[in-house]
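Numbering-wise (my numbering), the sequence shown opens with residue 2 and increments by one. What follows is a single structure, written as structure tokens, with notes after it.
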Amino acid sequence: LSEAQWRAGLSELRDESHIVIYGNALDVLPKCANSPSVRTVTLMYVDAASVRAAMPMLRQLPALTSLVLDDNRLTQLPELDMFRALESLSSLQVLNNAVADIKWFRAYCAHRLPSL
Numbered sequence: 002l003s004e005a006q007w008r009a010g011l012s013e014l015r016d017e018s019h020i021v022i023y024g025n026a027l028d029v030l031p032k033c034a035n036s037p038s039v040r041t042v043t044l045m046y047v048d049a050a051s052v053r054a055a056m057p058m059l060r061q062l063p064a065l066t067s068l069v070l071d072d073n074r075l076t077q078l079p080e081l082d083m084f085r086a087l088e089s090l091s092s093l094q095v096l097n098n099a100v101a102d103i104k105w106f107r108a109y110c111a112h113r114l115p116s117l
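What follows is the structure in structure tokens.
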């Protein structure tokens with residue numbers, strides 16, 4: 002994404018069960034609140050603070066089972082603790098994030114996020 006695209010944010014609905022949000026387009030999430038069909042949310046090109054800000058909206062998606070956070074700025078293991086609040090979450094993908102390169106990443110996730 003270009004700097005302008007990142008700042009403006011982009012979003013797309015891949016199908017009725019998968020929302021993809023790029024950059025600062027997090028305002029699309031409240032429009033999907035309480036949707037029984039949204040099972041997967043992809044957030045790309047955001048930082049941990051933005052993901053944390055999206056958590057109240059993500060908790061309002063009762064069918065959410067998969068969260069894709071590729072190409073973000075997640076850098077520390079404790080940043081992953083916020084996902085414990087997503088009780089139905091069974092899949093968390095964090096490719097191309099510094100946190101995924103930490104030696105104890107898998108063990109940390111298994112211990113702190115046992116639903117995965």
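Just so you know, even glycine gets a beta-carbon here, dropped at the ideal spot from N, CA and C.
{"Item": "Would you decide whether Arg15 is buried or exposed? Buried here means 16 or more other CB atoms lie within 10 Å of its CB.", "Value": "exposed"}
{"Item": "Taking contact to mean 3 or more Cβ pairs, one atom from each stretch, closer than 8 angstroms, check whether the segment 31-40 and the segment 68-87 are in contact.", "Value": "no"}
{"Item": "Which of helix, strand or coil does DSSP assign to Leu2?", "Value": "Interpretation of Leu2 is limited by its pLDDT of 47, a score under 50 that renders its predicted location unreliable; the figure taken from the coordinates is listed afterwards. DSSP places Leu2 in coil when its eight states are reduced to three."}
{"Item": "Tell me the DSSP secondary structure of Leu27 in three-state form.", "Value": "helix"}
{"Item": "Excluding sequence positions up to five away, which residues of its chain have a Cβ less than 6 angstroms from the Cβ of Asn98?", "Value": "Asn73, Leu75"}
{"Item": "When DSSP labels each residue in this structure, what does Leu78 get in the three-state scheme?", "Value": "helix"}
{"Item": "Tell me whether Ala49 is buried or exposed, calling it buried when 16 or more other Cβ atoms sit within 10 Å of its Cβ.", "Value": "buried"}
{"Item": "Would you list the residues sitting across from Glu13 in a DSSP beta bridge?", "Value": "Val21"}
{"Item": "Going by the CB atoms, is the gap between Leu59 and Ser92 shorter than 8 angstroms?", "Value": "no"}
{"Item": "Using CA atoms only, rank isn't needed, just tell me which of Arg113, Leu96, Met56, Val42 is closest to Asp82.", "Value": "Arg113"}
{"Item": "What does the alpha-carbon distance come out to for the pair Ala64 and Thr43?", "Value": "14 angstroms"}
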